[in-house]
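What follows is a set of notes on a single structure, which appears directly below.
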Amino acid sequence: MELKRVVVTGLGALTPIGNTKEEYWDGLMSGKSGAAPITYYDAEKFKTKFACELKNFNATDFFDRKEARKMDRFAQYAMVAADEAIADAKLNLEAVDKLRVGVIWGAGIGGLETFQNEVLNFAAGDGTPRFNPFFIPKMIADIAPGNISIKHGFMGPNYTTVSACASSANAMFDALNMIRLGHCDVIVTGGSEAAVTIAGMGGFNAMHALSTRNESPESASRPFDGTRDGFVLGEGAGALILEEYEHAKARGAKIYAEFIGGGLSSDAYHMTAPHPDGVGVVAVMRNCLKNAGLKPEDVDHINTHGTSTPLGDVAELKAISEIFGNHAKNININSTKSMTGHLLGAAGAIEAISVILAMEKGIVPPTINHSTVDENIDPELNLTLNKAQKRDIKVGMSNTFGFGGHNACVVFKKLD
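Quick note on numbering: the sequence shown equals residues 11 to 426 in the working numbering.
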């Protein structure tokens, strides 16, 4: 069976450094940090008092008050990013066959704030179970693609992938294969997360996963730096319109890039820590290259998982050196998490968007906040430190890894 070609025809982004695709890209190019003191609740007693929250996002700018109250923030973010991507793709919603349009979305946690608030309200009461009737539909992770499909009438495959921080990359790979195999013409894919909450921050602090650089939040996310001390939690959403190539060509769609492959693997090692030798990461990149029909020397750019954790950054770079050999030093490697923080289940989507836009514009966003060399990192690797670098990118890759040992990798190519 001959596989269909799949292209990207629409993008939408809602991030801590920009609330649209254009603003996000401008934030990346300016080396802007999205980290700042938490405003959603009083964080004074928390070990970490900052995060990468969205700025100037008001749900009522997009939904009426009644509609907004029926959705957790992660679902609101999904709807906004998906709508931007659909508009960007210039899809004619009256002409498209909606039975062949799906929504495959990623969320690592889902409606955490909704769950937290309902339990807190119950605990503060007299024991009478007075729960909001929208509690369950607001909380469940699959409600985001459900809401997108309901709004637009998309009747193709509709579900959520949950693989922690690899969730949206998993969703994109599933969407790629649905179109490749001829089951769909168009799929809205991506991911969203809204875990900057009392429960989210408290839980990650208890694991010692977060940076505690409270005196300078804007410099706390410092991938590859010798003084890094954990990741910075972010929130938001990224959406991509994937389309079968001939379908996109027939309607004269703008094509950003061809989505040529993906890979999955498991560390099979530890609940939260990466394998120190990056065994699962080696496997996922090898699987991705094979799936895409690429040789290692074909890759020009990798947006790494690069969360700014002491163990994870080193393991990933070791894996890149193993897979790409001498070519590794010719690749523009970066971590946009240095600016956006870690969007958990949405990370794969917004970082894939960065790769696609870098390919389109011929420039790689920087890895900011680097000042101290880590002796465990190969100094010959080009980590695109502190300043964007011009690069003709023909092939760009994005890595995402999640607690539980979940690894996902996706790769895009300039259209021939």
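In this text, a Cβ means the ideal position worked out from N, Cα and C, and glycines have one as well.
Reduced DSSP category for Ala46 - H, G, I as helix; E, B as strand; rest coil
strand
Under the three-state reduction of DSSP, which class applies to Met165: helix, strand or coil?
Of the three classes helix, strand and coil, the one that applies to Met165 here is coil, per DSSP.
Going by C-alpha distance, which of Asn68, Asp184, Thr237, Ala293 is nearest Ala359?
Ranked by Cα distance from Ala359, the first of Asn68, Asp184, Thr237, Ala293 is Asp184.
For the alpha helix (DSSP H) that Val324 lies in, which residues bound it at each end?
320 to 334
Tell me whether the beta-carbon of Val17 lies closer than 9 Å to the beta-carbon of Ala258.
Cβ distance < 9 Å, so Val17 and Ala258 count as in contact.
Which partner residues does Asn409 have in the DSSP bridge list?
Cys419
Contiguous beta strand (DSSP E) assignments of at least 3 residues, all confined to the stretch 280 to 322:
311 to 313
Just confirm the distance between the C-beta atoms of Arg401 and Val374, as a whole number of angstroms; I'd bet it's less than 8 Å.
Beta-carbon to beta-carbon, Arg401 and Val374 are separated by about 5 Å, close enough to satisfy the 8 Å threshold.
So Pro233 and Thr377 are in contact, right, with Cβ under 8 Å, and what is the actual spacing, rounded?
6 Å
If contact is defined by three or more beta carbon pairs under 8 Å, each pair taking one atom from either stretch, is the stretch 88 to 108 in contact with the stretch 186 to 193?
no
Residue of Ser231, Lys424, Glu361, Tyr279 minimising C-alpha distance to Lys371
Lys424
Hey, how far is the Cα of Tyr266 from the Cα of Val324?
32 Å
Assign Thr319 to one of two classes, buried (16 or more other C-beta atoms within 10 Å of its C-beta) or exposed (fewer than that).
buried
Which of helix, strand or coil does DSSP assign to Ala151?
coil
Drop a sphere of 10 angstroms on the beta-carbon of Lys68, count the other beta-carbons inside from all chains shown, and report buried for 16 or more, exposed for fewer.
First, the residue type needs correcting, since residue 68 is Asn and not Lys in the sequence shown. So Asn68 ends up on the exposed side.
On the CB-based measure, 16 or more other CB atoms within 10 Å of its CB, does Met11 come out buried or exposed?
exposed
For a quick check, are the C-beta atoms of Trp115 and Ala78 less than 9 Å apart?
no
Under three-state DSSP, which class holds Asn340?
helix
With a cut-off of 8 Å, do at least 3 Cβ pairs link the stretch 388 to 403 to the stretch 308 to 318?
Taking 8 Å as the limit for Cβ pairs, the verdict is that the stretch 308 to 318 does touch the stretch 388 to 403.
Under a three-way DSSP split, which group does Ala392 fall into?
It should be noted that the sequence gives Asn, not Ala, for residue 392. Asn392: strand per DSSP, three-state reduction.
How big is the Cα-Cα spacing for Tyr125 and Tyr34?
Here residue 125 is Phe; the residue named in the question, Tyr, does not match the sequence. Distance between the alpha carbons of Phe125 and Tyr34 is about 29 Å.
So for Ser276, helix, strand or coil by DSSP?
strand
Going by alpha carbons, who is nearest to Thr314 out of Leu122, Ala179, Gly121?
Ala179
First through last residue of the alpha helix (DSSP H) which encompasses Ile363
357 to 371
Taking the DSSP output, what are the residues bridged to His193?
DSSP, once it has assigned bridges, lists no residue as partnering His193.
Going by beta carbon distance, what residues of the same chain come within less than 8 Å of Gly290, once the five residues before and after it are set aside?
Ser275, Ser276, Asp277, Ala278, Tyr279, Pro284, Phe411, Gly415, Asn417, listed in sequence order.
With 16 other Cβ atoms within 10 Å as the buried cut-off, status of Ile96
buried
Separation of Phe164 from Lys108, as counted between CA atoms
5 Å
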